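Asker:
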Amino acid sequence: MMVRTPSCDKNGVKKGTWTPEEDKKLVEYITRYGHWNWRLLPKFAGLARCGKSCRLRWLNYLRPNLKRGNYTKEEEETIIKLHRHLGNRWSAIAARMPGRTDNEIKNHWHTNLKKRSQQDSVATESIVSNSNDQSPTEQPTANTTFQSFNSTTQDCSPLSQHSSPSTSTVVSTENLVLMEDEFAFWDSDTDLMSGNFWLEPYILDISYVPASEPEYSSQVFDVELWSHDT
DNA sequence: AATACCTTCAACCGCACTGGT
DNA sequence: AACCAGTGCGGTTGAAGGTAT
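First residue of the first sequence? That's 1 in the UniProt record's numbering, and the numbers climb one at a time after it.
Here it is in structure tokens:
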């Protein structure tokens with residue numbers, strides 16, 4: 001497999017490929033106690049890793065209900081469409097694709113879909129430029145419309161990269177109207193806007209938050225994947 | 001068979017954001 | 001207001017596997 005050579009930094013923190021033993025330790029610990037503090041977790045789990053590495057390994061590889069590889073055509077189309085509207089916001093894209101991680105989607109995009117999307121947009125552009133020859137008025141593209149959306153409503157979008165829980169869950173009527181207006185183009189393009197897209201909480205997967213741990217409510221609606229059944 | 005080049009993807013790194021003090 | 005710790009995100013790296021020459 002394509003892996004990094006295991007190595008240690010000056011503090012003895014291991015880097016590189018995870019061994020099956022390390023995976024086992026991490027899974028067993030999180031299954032039992034949850035990931036209540038990523039920085040301290042490796043110490044308690046008996047792992048010579050940094051918290052970041054543990055988090056990444058869990059989220060991208062060990063977490064339950066992850067699909068691996070074998071993207072369906074529908075999934076690829078969804079990624080392309082979402083990328084067209086969201087750009088490189090991989091976590092937001094992943095949030096709409098159960099079982100897929102941002103890292104995996106990002107990799108798949110760069111290795112398989114990027115070229116395809118570029119070819120598609122070139123083909124679309126040539127069609128549009130031909131049909132617009134007699135119409136000098138510039139039509140907003142999906143991208144420009146989304147940029148406009150970003151600059152005006154970023155703080156209230158649940159897809160905002162670092163939106164706080166309060167802004168994620170409480171959307172004012174004014175903003176909702178604006179969002180609906182700005183995203184009207186999506187209705188014709190994809191069914192992703194059907195249903196309660198923006199108000200739907202970002203809960204896609206289970207996570208292992210122990211019952212004994214204190215309040216996690218502040219993170220429940222963030223893009224990070226928290227579950228109902230904790 | 002040898003090796004050079006390309007592809008893939010797990011993992012790392014740096015930065016930004018949030019919440020607490 | 002300033003600082004710090006914890007966390008999440010996106011860009012990038014690097015090594016193994018695959019393919020071409």
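Where a beta carbon is used, it is the ideal one built from N, C-alpha and C, also for glycine. Remember, predicted model here, so these are calculated numbers, not experimental data.
(1) Mapping DSSP to helix, strand and coil, what is Lys-14?
(2) What do you reckon, are the CB atoms on Pro-64 and Cys-54 nearer than 8 Å?
(3) Within the same chain, show all residues whose beta-carbon is closer than 6 Å to that of Asp-102, passing over the 5 residues directly before and after it, in chain order.
(4) Compare the C-alpha of Trp-38 against each of Leu-59, Pro-20 and His-110 and name the closest.
(5) Would Gly-99 and Leu-62 be called neighbours here (beta carbons separated by less than 8 Å)?
(6) Measuring CA to CA, which of Lys-114, His-85 and Glu-75 is closest to Met-97?
(7) Apart from the five residues just before and just after Glu-28, which ones in its own chain have a Cβ nearer than 6 Å to its Cβ?
(8) Starting from the Cα of Thr-72, find the closest Cα among Gly-12, Lys-25, Lys-14 and His-108 and give me that residue.
(9) Distance, Cα to Cα, Asp-23 vs Arg-49?
(10) By DSSP, does Thr-72 sit in helix, in strand, or in coil?
(11) Could you compute how far the alpha carbon of Lys-14 sits from the alpha carbon of Leu-47?
(12) Taking just the CA atoms, how far does Arg-32 sit from Glu-21?
(13) Would you mind giving the Cβ-Cβ distance between Arg-57 and Leu-82, rounded to the nearest angstrom? I have them listed as a contact below 8 Å.
(14) Find out if the Cβ-Cβ distance for the pair Ile-80, Ile-105 is shorter than 8 Å.
(15) As a quick exercise: from Arg-68, His-110, Ser-117 and Gly-69, pick the residue whose alpha carbon is nearest that of His-85.
(16) Does DSSP put Trp-36 in a helix, a strand or coil?
(17) Please work out which residues of its chain come closer than 7 Å, Cβ to Cβ, to Gly-12, disregarding the five sequence neighbours upstream and downstream, and give them in chain order.
(18) Give the straight-line distance between the Cα atoms of Gly-34 and His-110, rounded to the nearest whole angstrom.
(19) Please state whether DSSP places residue 267 in a helix, a strand or coil.
(20) Out of curiosity, what's the CA-to-CA distance linking Lys-52 and Arg-68?
(21) Between the C-alpha atoms of Asn-112 and Phe-44, what's the straight-line distance to the nearest angstrom?
Answerer: In brief:
(1) strand
(2) no
(3) Trp-90, Ser-91 and Ala-94
(4) Leu-59
(5) no
(6) Glu-75
(7) none
(8) His-108
(9) 11 Å
(10) coil
(11) 9 Å
(12) 17 Å
(13) Contact flag wrong, Cβ pair sits at about 25 Å.
(14) no
(15) Ser-117
(16) coil
(17) Ala-48
(18) 33 Å
(19) Nothing about residue 267 can be read from this structure; the chain reaches only from 1 to 230.
(20) 22 Å
(21) 39 Å
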